[in-house]
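Structure, as structure tokens:
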Amino acid sequence: MQNNNPAKTIPSRKSSLKSTIMDQSGAGKVKIGEILCKEGYITGTQLEDALNYQKKNKGRLGNILIKLGYIEDDTIVSVLSRIHNYPAVLLSKTTPDPEAIKLVPYEMAKKYLAFPIRFKGEDLVVTMAEPTDTSAVADLQNEVQKSISISISTEKDIIEAYRTHYKIEDEEYNSLLGQKEVVSEEEDEPVALVDDFGSLVSEAV
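Numbered as in our numbering, the sequence shown ends at 209 without a single skipped number.
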């Protein structure tokens, strides 16, 4: 079943760009960890563990929660898609526009864990692993100098798309996947996926 929610378009105005993004997406007002905790997908203790790990090692909080084994990436996509109406995109079943890929070189895409899909009028449709990161969205938009429509995909799906469409070397691919390895010494079980991720996925945004 396709997700019929239209991708969120963020205007490319330079003035008050970050506030514009937060107002339109609802992101930035509540952090991803707080959302997942409030919705009951992670515990307060797990969020605190992830935040402490983030302070010591940096990195995106969503990715850290996955690495610690506290949640599955599909769950994050499902929750953010439902709450913020981000279209969920399965890149393995999406054919990106080569011109969109040219506009966003690999190093830029990797920097924001984003992948360009196509143009929609004057807008660039981009899928990200953590679209609630308003600073990353604003910075990416400034770099491409276009309004962007935001969708969401799992980190693994985006990395696979890098390999397929940017033709990255195996060493780089394995390095990116290695960043997803579980680092927790505890045996906490990941929170089960309650939402049906498959029902949210849109094969074409």
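All C-beta atoms in this analysis are idealised placements derived from N, C-alpha and C, irrespective of residue type, glycine included.
Option nearest residue i by Cα separation, candidates the options
i: Val148; options: Asp53, Lys62 and Phe123; result: Phe123
i: Leu55; options: Ile68, Glu111 and Ser157; result: Ile68
i: Ser85; options: Val141, Ile163, Glu103 and Met132; result: Met132
i: Val93; options: Ile156, Tyr110 and Ala165; result: Ile156
i: Val108; options: Leu95, Thr98, Gln145 and Ile75; result: Gln145
i: Pro120; options: Asp161, Asn89, Gly66 and His88; result: Asp161
i: Glu111; options: Lys35, Ile39, Leu180 and Cys41; result: Leu180
i: Gly73; options: Gln50, Lys59, Gly182 and Asp174; result: Gln50
Environment of residue i [buried if 16+ CB atoms lie within 10 Å]
i: Glu159; result: buried
i: Lys71; result: buried
i: Asp78; result: buried
i: Gly37; result: buried
i: Thr98; result: buried
i: Pro102; result: exposed
i: Gly125; result: exposed
i: Gln28; result: Legend: pLDDT at Gln28 = 38, less than 50; position of this residue unreliable, value from coordinates given subsequently. Exposed: under 16 other Cβ atoms inside 10 Å.
i: Asp53; result: buried
i: Gly66; result: buried
Helix, strand or coil at residue i [DSSP, three-state]
i: Pro102; result: helix
i: Val130; result: strand
i: Lys124; result: strand
i: Ile75; result: coil
i: Val108; result: coil
i: Ser155; result: strand
i: Ser188; result: A caution first: Ser188 carries a pLDDT of 43, below 50, which makes its placement in the model too unreliable to give a value.
i: Ser20; result: Its pLDDT being 39, under 50, Ser20 is placed unreliably in this model, and the value from its coordinates should be taken loosely. Of the three classes helix, strand and coil, the one that applies to Ser20 here is coil, per DSSP.
Contacting residues, own chain, Cβ-Cβ under 7 Å from residue i (five flanking each side not counted)
i: His169; result: Pro100 and Ile105
i: Glu43; result: Val83
i: Tyr45; result: Ile75, Thr79, Val83 and Val195
Proximity test, residue i beta-carbon vs the ligand ADP heavy atom, cut-off 7 Å
i: Ile39; result: In the structure on display, the ligand ADP does not appear, and there are no ligands present to speak of.
Chain-order list of residues whose beta-carbon lies under 6 Å from that of residue i (same chain, five-residue window excluded)
i: Asn61; result: none
i: Tyr166; result: Ile172
i: Lys59; result: none
Sequence-distant residues of its chain with Cβ nearer than 8 Å to residue i (five each side left out)
i: Phe201; result: Bear in mind that a pLDDT of 48 at Phe201, under 50, signals an unreliable position, so the number given afterwards is only what the model happens to contain. Taken in chain order, the residues that qualify are Asp78, Thr79, Val81, Ser82 and Ala92.
i: Glu164; result: Leu95 and Ser96
### Query
Is it true that the stretch 111 to 121 meets the stretch 131 to 149, where meeting means three or more beta-carbon pairs spaced less than 8 Å apart?
Touching, yes.
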